[in-house]
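Right, one structure below, let's go through it.
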Amino acid sequence: MIPVEGNKNLFRDQNTGAILNMDSKGYFNYINKKNRKLTEKQEIDNMKKDIDEIKSLLYELVNRKT
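Using this note's numbering, read the sequence shown as starting at 158 and increasing by one per residue.
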């Protein structure tokens, strides 16, 4: 592997010419951040569904009493 000038984490593969990022810590940080965002989005979607269900139940209660 040939180091890429100006970046200590990038290397060029001699066989394919591909640039490879060897910063595993940065990669794992990226994956963790991505997973946290996905979990947060799922939680928000679940809360939206819960709110819609509560609104529907309230609407039913109001209509029963009138």
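All C-beta atoms, glycine included, are put in the ideal place defined by N, C-alpha and C. Predicted model, so just to flag it, every value in this text is computed and none were measured.
Nearest-angstrom Cα separation, counted from residue j out to residue i
i	j	result
residue 189	residue 222	50 Å
residue 183	residue 200	26 Å
residue 192	residue 167	25 Å
residue 160	residue 173	14 Å
residue 220	residue 206	21 Å
residue 217	residue 198	29 Å
residue 162	residue 181	19 Å
residue 187	residue 204	26 Å
Presumed contact (8 Å Cβ cut-off) between residue i and residue j, rounded CB distance
i	j	result
residue 158	residue 170	6 Å
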